[in-house]
């Protein structure tokens, strides 16, 4: 048997279909995320066929196939309906190289709570404990599901499921943090100090915000005819988030208060086009623009992109970086001062004392997360009252920015460009056959690839090694110690397809946009930072071609706990727009010191980042005078318990419980119900009763408020 053919409304034995999938080398899992996996939940089967771009959900009504749909592996929701499907044999050596054991891959945290047995958690009343799972328990003649937490000396407490929002994952920075005891005065003291700190921080933020509001900047005129013409030349329609963000930027610029906005959008989500439009608005109002970038390659990329997009305007755009000769740098600096240069794109050179502007109006800081505290302080001093636009693909977690809302304007680009596909990501030991297959697969479709090897001393040996595996491979090599002219020439040749493979250090991390390069291989992935891996992976997948990322680690070395976590996190967040998840996980691994001040970092260590954010949000709301919290229905555990025969996986039940406890309207309730029935099938009597109970509680709240 080479394949399975299934058609709607035909009769099949579900048991036999399962046997056939096993025969075709498919692997049974709890969730279908990758090619070659299948899952069974009652009458519903999910399978990711070989050679398919989407997994398929099949539903049986007894022995009749009643439903076939594509579904998203990242949201687990169905998309397109099908009348039939065919499932061919899965060849694991071709499609999915054997990787390290990641315990179990799982989808976006919006769908499944990232909580495993023995994970550390913070309970708001009891402090630091260990999550020991879920347990059905009868208490006072009523059965419900309870969360088991373990504390110091093995003391155990059962927390009713309706208190799940009082439990927060603890992002540990040491291997075995000491647990609190159940009646711990130290915990109460830590919580009190952290709350006081968030109140002080909230006060500082609002003082800064009020000061900024009092400053007078330059109010730009509405869009000119030239702006409209240039914007219409852009060959792609803007996504809804791009439209919303550029409108917010223009509104800021047309206001007399100086702009201070952060744009967060994942790698390849079209942030550069928005920067071009903001730049043109400033230039058309006779203001100079400065664009600060972290690397020379990104400066060159932006120079090419901005020059091409604004070629039909009268404005002069220049670049300052180590690619530019000293003599030319002096001339450009003179032109800036005399208003003979309208827009400057520069690396850290822009922060030097010899740089001055004639009429600076807009400062753009691209990849702001790459700049240190000293650089950011220097940026603020460039010129008072200038409009500042910060851009980041791996921002600090949204939870923190939501807590700080009001202290800084914040735009999110979450929708990917049309036809953009998630990057298929594999984690493997370094292996000749895996390398050969990965490279050959890209060459077979006339594509190119990046090979990142972050060791300058042995990079030429690595090139020799690759040539031994594939003698016909054309390799270009770049690294930071080469002459600027050489790097520039190799990059130009690579863009012109004179090389198949660009072998480089992490110099290629930021901003390169080469649509024909759709495979990236990271050699020694265990030594890269999490946000760095995310940025490097973003060099591919910038067209409608399927992109691949191979994170290869040295299996002869013992991976540190942090390195292992980094690799796991990247594998978890394979979806488009996962920069937020990456940022949060990066924070978990590194600690909060790089995001908050030293004092705040101490409190985060004692009470956890998630709980600190909640306290900070409460403190900010107090300063705003918003003490009234959202009204959620008060649900009793015995009436909201989900049967493990309907949803067997505890982590999935935890995620659903959290959604149910935040259900405010009948629309919310119906959305959750539709999602559940789509993924797990028709409700049993227990689930029907749970949703009837929640709807009744929502009605009670509506009656009280009316």
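Numbering (the working numbering), first residue to last: 31 to 736.
Glycine included, every Cβ here is placed at the ideal spot set by N, Cα and C.
What does residue 583 pair with, by DSSP beta-bridge criteria? 459
Chain B within 8 Å of residue 182, Cβ atoms only: You won't find chain B in this structure, because it holds only one protein chain.
Cβ atoms of residue 583 and residue 680: under 8 Å apart, would you say? no
Quick test of your reading: residue 442 and residue 420, contact by CB under 8 Å. State the CB separation rounded to the nearest angstrom. In fact, because the Cβ distance is near 13 Å, the residues do not count as touching under 8 Å.
Taking C-alpha atoms, which residue in 371, 643 and 342 lies nearest to residue 349? 371
Count the other CB atoms, across all protein chains shown, that sit within 10 Å of the CB of residue 332; report buried if there are 16 or more and exposed otherwise. buried
Proximal residues to residue 162 (C-beta, below 8 Å), its chain only, five neighbours per side dropped: 147, 148, 178, 179, 180 and 186
By a C-beta neighbour count over all protein chains shown, 10 Å radius and 16 as the cutoff for buried, is residue 90 buried or exposed? buried
Along the beta strand (DSSP E) that carries residue 99, what are the first and last residues, could you check? 94-101
Residue 538 to residue 327, Cα distance in whole Å? 7 Å
Could you tell me the boundaries of the beta strand (DSSP E) in which residue 548 lies? 547-553
Under the three-state DSSP convention, the category residue 188 falls into: strand
Could you pull out every residue in the same chain whose Cβ sits closer than 8 Å to the Cβ of residue 724, ignoring the five residues on either side in sequence? 663, 665, 670, 690, 693 and 699
Inspect the beta-carbon positions of residue 697 and residue 728 and report whether they are closer than 8 Å. no
Please confirm if the segment 64-78 is in contact with the segment 706-713, defined as three or more CB-CB distances below 8 Å between the two stretches. yes
Would residue 188 pass as a contact of residue 167 if the rule is Cβ separation under 8 Å? yes
Which class does residue 649 belong to by DSSP, given the choice of helix, strand or coil? helix
Which residue or residues does DSSP assign as beta-bridge partners of residue 69? 76
Between residue 142 and residue 716, what straight-line distance do the alpha-carbon atoms span, to the nearest angstrom? Low confidence applies to residue 142: its pLDDT is 36, below 50, so where it sits in the model is not reliable, and the reading given next is rough at best. About 21 Å.
Of the residues 559, 561, 554 and 492, the one placed nearest residue 532, counting alpha carbons only: 492
Report the three-state DSSP secondary structure of residue 307 (helix, strand or coil). helix
So, is residue 109 buried or exposed, given that buried needs 16 or more other C-beta atoms within 10 angstroms? exposed
If I measure Cβ to Cβ from residue 194 and keep anything under 7 Å in the same chain, skipping five residues before and after, which residues do I get? 177, 684, 687, 688 and 691
Residue 483 vs residue 553 beta-carbon contact at 8 Å: yes
Please state whether DSSP places residue 41 in a helix, a strand or coil. strand
In whole angstroms, give me the CA-to-CA distance for residue 55 and residue 36. 18 Å
Whole angstroms is fine: what's the gap from residue 466's alpha carbon to residue 474's? 12 Å
Taking the beta strand (DSSP E) that residue 505 belongs to, which residues open and close that run? 505-508
Go ahead and pull the three-state DSSP assignment for residue 386. coil
Classify residue 734 as buried or exposed, calling it buried when 16 or more other Cβ atoms lie within 10 Å of its own Cβ. exposed
State the Cα-Cα distance for the pair residue 231 and residue 150, rounded to the nearest angstrom. 26 Å
Inside the segment 339-371 only - alpha helix (DSSP H) runs reaching at least 4 residues: 356-367
Comparing alpha-carbon positions, which option in 269, 182, 294 and 515 lies nearest residue 330? 515
Integer-rounded CB distance, given that residue 44 should sit under 8 Å from residue 739: Residue 739 is absent from the model: the chain starts at 31 and stops at 736.
What number of angstroms, rounded off, separates the C-alpha of residue 291 from the C-alpha of residue 314? 20 Å
Round the Cβ separation of residue 298 and residue 477 to the nearest angstrom and send it over; I've been treating them as touching at under 8 Å. In fact, because the Cβ distance is near 16 Å, the residues do not count as touching under 8 Å.
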